Amino acid sequence: MDIKQLKYLIALDRTRHFGQAAAACHITQPTLSMRIRNLEEELNLTLIQRGQRFEGFTPEGERILAWARALLAAHDGLEAEAAICRGQMVGQLRVGMVPLASLNPMQLIKPLADKYPELQFSLLSMTSEQIIDGVSRNQLDLGICYL
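Counting in full-length UniProt numbering, the sequence shown runs from 1 upward without gaps.
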């Protein structure tokens, strides 16, 4: 088992589509399917309900997915901590925000980008409900929305 397999599993949960998950991970769909099958074999569990297309996660798959998210968050935290020890701020800041006419998102991002050039930003236009869900599922680091 490796971190990439867990990332593939999480991408499949996010997209609910094998092809889109593969594209998001910058690999081919057969590679994604094979790596997830390898994970299933290693764990001796069926994680995904398969038919003509992705049908969802099995109950066991949902449990493993929760662990995968926690492990990936810990892995990302470890990498970030090592970067901080080296005096760097690296990684990706995932920001979800509702479209606001009064706020230019670059006003928020530019000062951070200038101060931390190694930090990558992902800015997504979302509804308030999607943002709250994304933050709670550790798919977003920051959310700007209406409550």
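Glycine is no exception: its CB is placed at the ideal position from the N, C-alpha and C atoms. This structure is a prediction, so every number in the text was calculated from the model and none was measured.
Which of the three DSSP states, helix, strand or coil, is assigned to residue i?
i	result
Q52	coil
I3	helix
G87	coil
I10	helix
M97	strand
S136	helix
S102	coil
Measuring only the C-alpha atoms, how far is residue i from residue j?
i	j	result
K115	Q88	10 Å
T15	S33	14 Å
L45	L39	9 Å
A80	R50	36 Å
L108	L93	12 Å
K4	P111	32 Å
E129	L100	15 Å
I36	S102	44 Å
S122	L43	33 Å
L12	F57	10 Å
L124	Q52	30 Å
A68	L9	8 Å
R63	D2	17 Å
A82	Q120	17 Å
Is the distance from the Cβ of residue i to the Cβ of residue j below 7 Å?
i	j	result
V98	C145	yes
residue 227	G96	An answer regarding residue 227 cannot be provided, because it is not within the stretch 1 to 147 covered by the chain.
T28	A22	yes
According to DSSP, which residues form a beta bridge with residue i?
i	result
Q120	Q92
F57	I48
I144	M97
My understanding is that residue i touches residue j, with C-beta atoms under 8 Å, so please give their C-beta distance in whole angstroms.
i	j	result
K7	L72	6 Å
L47	E55	At roughly 12 Å, the Cβ-Cβ gap does not stay under 8 Å, so L47 and E55 are not in contact.
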